[in-house]
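Beneath this line is the structure, given in structure tokens, with notes to follow.
Residue numbers (UniProt numbering): 1 to 167.
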């Protein structure tokens, strides 16, 4: 059994599903593997997510996070603003946090490099009750904009990066 990290060249132009399919030769039959988009960071307990995945027996587990709020909010009563809340967490809905634990059989759901993971295979897994949510309530932050990158760099440079779980 292989342990540790294994990386593969998934091509510059393959879609998200195609990238997963391209690592087929790196997988061990029957052993779950982890995938991340790489455009977000969090203090996610990956070992706990893998253990959760093994416990339910489904084909896939997706880390479900509550996104950070982007704007300050107001409490309004009638026509009066009664208070402010500085950038509350999102509306409580969970989103795809981009950290997955997958059974190798999910690769069979990906027909080509053009397959978009979220539009085909992930929807099939959800519709067929083969996708579990690993609920993460800790730190999670995307890095889709310059503003988000700057925020993450400030956290890193301050020595208080919540996602830095290693010594």
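Where is the CB? At the ideal position from N, CA and C, for every residue including glycine.
Worksheet item: Whose CA, out of 131, 166, 19, 66, lies closest to the CA of residue 38?
Response: For residue 38, the nearest C-alpha among the options comes from 19.
Practice prompt. Return helix, strand or coil for residue 16, following the three-state DSSP convention.
Written response: helix
Discussion item. Can you list, in chain order, the residues of its chain with a C-beta nearer than 7 Å to that of residue 2? Leave out the 5 residues immediately preceding and following it.
Written reply: Because residue 2 sits at a pLDDT of 49, beneath the cut-off of 50, its placement in the model cannot be relied upon, and the following sentence gives the value as read from the coordinates. Excluding the 5 residues flanking it on each side, residue 2 has same chain C-beta neighbours closer than 7 Å at 28, in chain order.
Worksheet item: Looking only at DSSP bridge pairs, what is residue 142 linked to?
Response: 40
Worksheet entry | Outcome for residue 7 when other beta-carbon atoms lying within 10 angstroms are tallied against a minimum of 16 | exposed
Worksheet item: Does the Cβ of residue 142 have 16 or more other Cβ atoms within 10 Å, making it buried, or fewer, making it exposed?
Response: Classification of residue 142: buried, given that the 10 Å Cβ count is 16 or more.
Discussion item. Report the CB separation of residue 121 from residue 17 in whole angstroms; it is logged as a contact under 8 Å.
Written reply: 6 Å
Practice prompt. Assign residue 127 to buried or exposed, taking buried as 16 or more other Cβ atoms, counted over all protein chains shown, within 10 Å of its Cβ.
Written response: Here residue 127 is exposed. Its C-beta has fewer than 16 other C-beta atoms within 10 Å.
Discussion item. Tell me which residue opens and which closes the alpha helix (DSSP H) that residue 46 is part of.
Written reply: 46-56
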